[in-house]
Amino acid sequence: MTTSTVTAQTPAKTPEPAAAPDPARIARRRRLAQWGFVAPAVVFMLLFFGYPLVRNVVMSFQHYTPKTFFTGEAPFNGTDNWSNVFHDALFGKALWHTLVFTAGSLLGQFCIGMALAVFFSRRFPLNGVLRSLILLPWLVPMVVSGIVWRRILDQDTGVLNSFLDTIGIGGHTPWLTSPGMALLSVILVNIWIGIPFNMVILYGGLQEIPKELHEAAALDGASAWRTFRSVTLPVLKPVITVVLVLGFMSTVKILDLILALTDGGPADATQTLGTLTYQNSFVQLDFGAGAVVGNVLILISAVFAVFYLRANRTEGK
Amino acid sequence: MATHTPTASRRRWGSTVAGVLVLAVMLFPLYWMLNTALQPESGLLKVDPVPGSLDLSGFSKAVSDQGGHLLTSLAVSLGAVAICLLISAPAAYGLARFGLRGSRTIVFGTLITQMVPGIVIANALYNSYVDLGLVNSYFGLMLADASLGIPFSIVLMRSFMVSIPGEVIEAAQIDGAGPVRTFVRVVLPMSRNSLITSGLFAFLFSWSDFMFALTLNTTDEVKPITLGIYQYIGAHVGDWGSVMAASVLSAVPAAILLVLAQKYIAAGITGGSVK
């Protein structure tokens, strides 16, 4: 169990004559039965995760056209897809938007989620009910949330602008229709979606902190803020890492929310690597270009996967 | 802690009020969805803060336009849950208890799969699906949606099954039960809670799926509600009342699950992601 060098051992099946029960043979048969439990999952994951990863790399060197689906031919074209994608100004924009979208979303979700987690750590009536109801935004399909917010943020008839109009600040903000505002709006909506997830995990982490730590800090005369900074945050660090990395993973690839809110527009202002992959492959039917962008997305995820696994390892042991 | 001085208890109710306010802000968009759905006529213009009278015509239109897609979602999600549990429960048990060589590598791989962007999978899968004739098929979409829940379920159930006392399993084996019998008769009943949690999340993942629905279907044959609503706003930009009514209907499973199974949901969010 300590080493993990060998992935799968399939015992060579040499049919032996049925002699006296051979312990080695029985053990081997038992192993085989045990692998029967695990094998379907391994095969499934190889087909649905392993294969697509490899196939995407291959596809990024192939030339796909709408005709490919009739002829089945996608000739290799060297690094053409890569240089085409990298020379397209849209790629740089999408990369930048992805980083801003991810960083902004994480920052907002985390700070508000943490504030709510601390708030709900206090004991008060109805705490549990309120805490579980706050999960609802996270459970609703993202594309549906996107559509609801699209209605709320509508420039002329949306409720947000009419509210702002009533209280006398602004009221005609083109939330989703001006290139300058759209990305910010999409980030704000995604923060709303991500708050419950952050809150629940951070709340769980806060419950694990031994009470004595806070009592000791209180005895030392530390203020609430000081205690939070010097006691809570450091103890909570492993949980925080996990929240941020998982948040990163789910945010960097978001597609449905953006499609529902803006379809990547206006003027590509909310185009991210995820939507660009979709556009390239499924709208323009240039799967080679889509694969290139997808591979960049994987590369970015892989960097954070390393962080995640490291956090996970310190967490587990 | 149980002694309530008047000021302390007032302070506690003060927190409750603050909590209700927070909740009101957080849930406002969902309220607005319901509110708009109940005022289908004013859907194009500004919407009143409270529906003056209950107008269910938006809902009846949504049901007639989108009801079929709701059923499609239900069928696909239930299928995906079945596939997910069939594949991940035995695997979780095997990885938790058998000490197979390579188990750790597989668990590691399972964690990694949760990081592969869905659009990348769809990109490669689409071409294979075309070759295999799985595009526009219920089974194809169920398989793809099951992939959303399988790694999560394996991780969640495995961490649960590790903690089943070894004596229980050994006792079953001494009674002459083979591995399959032990698994079905002893392990599965004991793991009921983690099975429910995994199934619940597999259902939610599949129900919320938009990307596979969007990319692996080229006709209207297999159209889940998420895709239905998305295309609805394209075609009915003015008819927000019906769009919102359809949205409400699509959010119903989430609401029901939250009410019926809140403890499993909280356990799933924390357990499945931190472990």
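Top to bottom, those sequences are chains A and B. For reference, each letter of the first sequence is one residue, going 1 to 317 in the working numbering. For reference, each letter of the second sequence is one residue, going 318 to 592 in the working numbering. Note that beta-carbon positions come from the ideal geometry of N, C-alpha and C, so glycine has one too. Quantities reported herein were computed from a predicted structural model and do not represent experimental measurements.
Comparing alpha carbon positions, the residue from A:260, A:213, A:69, A:200 closest to residue 549 of chain B is A:260. For residue 149 of chain A, the enclosing alpha helix (DSSP H) starts and ends at 142-152. A distance below 7 angstroms between beta-carbons, with the five flanking residues on each side excluded, links residue 443 of chain B to the following residues of its chain, in chain order: 532, 533.
Shown here for residue 239 of chain A: same chain residues with a beta carbon closer than 7 angstroms to its own, the five before and five after excluded, namely 201, 202, 205 in chain order. In this structure, DSSP gives residue 431 of chain B a state outside helix and strand, which the three-state scheme calls coil. For residue 172 of chain A, there is no enclosing alpha helix (DSSP H), since its DSSP letter is neither H nor E. One finds nothing in chain B with a Cβ atom closer than 9 angstroms to the Cβ of residue 186 of chain A; even the nearest lies about 14 angstroms away.
Leaving aside the five residues that flank residue 146 of chain A on each side, the residues in its chain whose CB is nearer than 8 angstroms to its CB run, in chain order, 189, 256, 257, 258, 259, 260, 261. The bridge partners DSSP lists for residue 62 of chain A are A:76. It is roughly 24 angstroms from the alpha-carbon of residue 264 of chain A to the alpha-carbon of residue 559 of chain B.
Burial check for residue 499 of chain B: the Cβ neighbour count within 10 Å reaches 16 or more, so the residue is buried. In this structure, residue 288 of chain A places its C-beta atom within 8 angstroms of the C-beta atom of residue 59 of chain A.
Taken in chain order, the complete alpha helix (DSSP H) segments of 4 or more residues contained in the region 441-494 of chain B are 455-478, 483-491.
The shortest CA-to-CA distance from residue 283 of chain A to any of B:535, B:571, B:492 is the one to B:535.
Look at the region 427-439 of chain B: the residues with a C-beta under 9 angstroms from a C-beta of chain A are 427, 428, 429, 430, 431, 432, 433, 434, 435, 436, 437, 438, 439. In chain order, 340, 344, 575 make up the part of chain B whose C-beta sits under 8 angstroms from the C-beta of residue 133 of chain A.
DSSP, read as helix, strand or coil, puts residue 419 of chain B in coil. Closest option to residue 497 of chain B, judged by alpha-carbon separation, among A:26, A:30, A:25: A:30. If you draw a 10 Å sphere on the C-beta of residue 456 of chain B, you find fewer than 16 other C-beta atoms in it, and that means exposed. When the beta-carbon positions are compared, residue 130 of chain A and residue 336 of chain B come within less than 8 angstroms of each other. Listed along chain B, the residues sitting closer than 7 angstroms to residue 152 of chain A by beta-carbon distance are 346, 349. Taking C-beta separations shorter than 7 angstroms and ignoring five residues to either side along the sequence, the partners of residue 245 of chain A in its chain run 304, 307, 308, 311, following chain order. The beta carbon of residue 104 of chain A sits no closer than 8 angstroms to any beta carbon of chain B. Excluding the 5 residues flanking it on each side, residue 356 of chain B has same chain C-beta neighbours closer than 7 angstroms at 364, 365, 368, 372, 558, in chain order. Contact annotation: in the region 398-420 of chain B, residues whose CB is within less than 7 angstroms of a CB in chain A are 404, 405, 407, 408, 410, 411, 412, 415, 416, 417, 418, 419.
Listed along chain B, no residue sits closer than 9 angstroms to residue 279 of chain A by beta-carbon distance, the nearest being about 10 angstroms off. With respect to chain A, the C-beta atom of residue 534 of chain B has no partner C-beta closer than 8 angstroms.
Here DSSP, grouped into helix, strand and coil, assigns residue 284 of chain A to coil. Close partners of residue 491 of chain B in chain A (Cβ separation under 8 angstroms) are lacking, with about 15 angstroms as the shortest Cβ gap. The alpha-carbon of residue 251 of chain A is positioned some 41 angstroms away from that of residue 326 of chain B.
Residue 329 of chain B belongs to the set of residues whose beta carbon lies under 8 angstroms from a beta carbon in chain A. In this structure, A:278 is the residue among A:32, A:159, A:278, A:101 with its C-alpha nearest to the C-alpha of residue 441 of chain B. Between the region 431-439 of chain B and the region 519-532 of chain B there are three or more C-beta pairs closer than 8 angstroms, enough to call the two in contact. Between residue 290 of chain A and residue 281 of chain A, the gap from beta carbon to beta carbon is short of 8 angstroms. Cβ-Cβ separation between residue 183 of chain A and residue 269 of chain A: approximately 6 angstroms, consistent with a contact (criterion under 8 angstroms). Between residue 349 of chain B and residue 195 of chain A, the CB-CB gap reaches or exceeds 8 angstroms.
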